[in-house]
Ligand SMILES: Nc1ncnc2c1ncn2[C@@H]1O[C@H](COP(=O)(O)OP(=O)(O)OP(=O)(O)O)[C@@H](O)[C@H]1O
Ligand SMILES: [Mg+2]
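In my numbering, the protein residues as written are 4 to 264.
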């Protein structure tokens, strides 16, 4: 049995008038890509935000590598080796690639005169950024270029690269292909797969509305509906049986709550 990198047990988050996430269990196994699917408002983003520290659960427990944790802020989550890429990416458009990758976590050059004269080590950061980018098969514009001139896919690739430099445990992505065209989506999906194969992180969680992307990328999928977990499907198992039509049907049935033949 593979070990669980993350386990959520009975997690609940309420807002006035809604239970965004209602008594949900989640397990993320080492080495897997887990997809979370469900209609708009199903509670997917709220669920992952409780792992990334952007939302604090009202009830329930979270375990990371078997230990109970208390994630009260994004910093807590980062310290646990969990990196989250939100849909809006949170990049700095007017800055270059290196600045975007290292913002908030700059390398500091210490010198003999003590703290007063410490400066950001731009050269080292640039080298690290180049090294990380050279590992991925993604065409990137010139390092000095402002990120606002990058394509959607290139921006997503920066966010993934940034996450990979700092994260050891888990990479979480909320709708990584939502804003992308067909070709860029394919490239970003390949990049995510590449990270998984290379074991750049232990496990990956991806939220997506695109069934084709989910089936192509993930090993397993958890389905949410109206705040509840309504099912989980072992995609690899269906792939072995080469029964994609049945898998799609089952997913749609779970997402909508309607049965299909
Ligand atoms: N900060 C908030 N305040 C009030 N209600 C919220 C808040 N965040 C989420 N909700 C509500 O909780 C429910 C779940 O929202 P959530 O964003 O998690 O859904 P989702 O599955 O990510 O949807 P989508 O696919 O549209 O991104 C929705 O009804 C939403 O309106
Ligand atoms: Mg969402």
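For every residue, glycine included, the Cβ atom is placed at its ideal position computed from N, Cα and C.
beta-carbon residue i near ligand 1 non-hydrogen atom, thresh 8 Å
i: residue 91; result: no
i: residue 212; result: yes
i: residue 42; result: yes
i: residue 221; result: no
i: residue 164; result: no
i: residue 38; result: no
i: residue 18; result: yes
i: residue 230; result: yes
i: residue 11; result: no
i: residue 182; result: no
i: residue 45; result: yes
i: residue 204; result: no
i: residue 14; result: no
i: residue 255; result: no
i: residue 24; result: yes
Beta-carbon proximity check, residue i vs residue j, cutoff 9 Å
i: residue 153; j: residue 163; result: no
i: residue 226; j: residue 175; result: no
i: residue 207; j: residue 218; result: no
i: residue 146; j: residue 129; result: yes
i: residue 44; j: residue 24; result: no
i: residue 69; j: residue 170; result: no
i: residue 76; j: residue 54; result: no
i: residue 74; j: residue 56; result: yes
i: residue 173; j: residue 9; result: yes
i: residue 166; j: residue 90; result: no
i: residue 32; j: residue 5; result: yes
i: residue 188; j: residue 216; result: yes
Cβ neighbours of residue i in the same chain (closer than 7 Å, five flanking residues each side left out)
i: residue 251; result: 214
i: residue 28; result: 11, 12, 13 and 232
i: residue 72; result: 65, 66 and 83
i: residue 191; result: 156, 159, 160, 179, 180 and 183
i: residue 248; result: none
Proximity test, residue i beta-carbon vs ligand 2 heavy atom, cut-off 8 Å
i: residue 48; result: yes
i: residue 177; result: yes
Cβ-based neighbour list, residue i, same chain, cut-off 6 Å, excluding 5 preceding and 5 following
i: residue 97; result: 149
i: residue 48; result: 177
i: residue 109; result: 123
i: residue 209; result: 38 and 176
i: residue 112; result: 122 and 124
Cβ-heavy atom distance, residue i to ligand 4, below 8 Å
i: residue 21; result: In the structure shown, ligand 4 is absent; the only ligands present are ligand 1 and ligand 2.
Own chain, CB closer than 8 Å to residue i, minus 5 neighbours either side, in chain order
i: residue 260; result: 228 and 233
i: residue 95; result: 102, 103, 106 and 150
i: residue 135; result: 104, 164, 167 and 168
**Study point:** Length at least 3, wholly inside the stretch 78 to 127: the beta strand (DSSP E) runs in chain order
**Key:** Entirely contained in the stretch 78 to 127, the beta strand (DSSP E) runs reaching 3 residues are, in chain order, 85 to 88.
**Study point:** Inter-stretch contact at 8 Å, needing at least 3 Cβ pairs: the stretch 26 to 46 / the stretch 91 to 104
**Key:** Look at the beta carbons and you see the stretch 26 to 46 not touching the stretch 91 to 104: under three pairs across the two are nearer than 8 Å.
Check your understanding: Hey, is the stretch 229 to 249 in contact with the stretch 190 to 205, meaning 3+ C-beta pairs nearer than 8 Å?
Key -> They do not touch, by the three-pair rule.
Review point. Which runs of the beta strand (DSSP E) spanning at least 3 residues fall entirely within the stretch 159 to 214, listed in chain order?
Key: As far as the stretch 159 to 214 is concerned, its whole beta strand (DSSP E) runs of at least 3 residues are 173 to 177 and 206 to 210.
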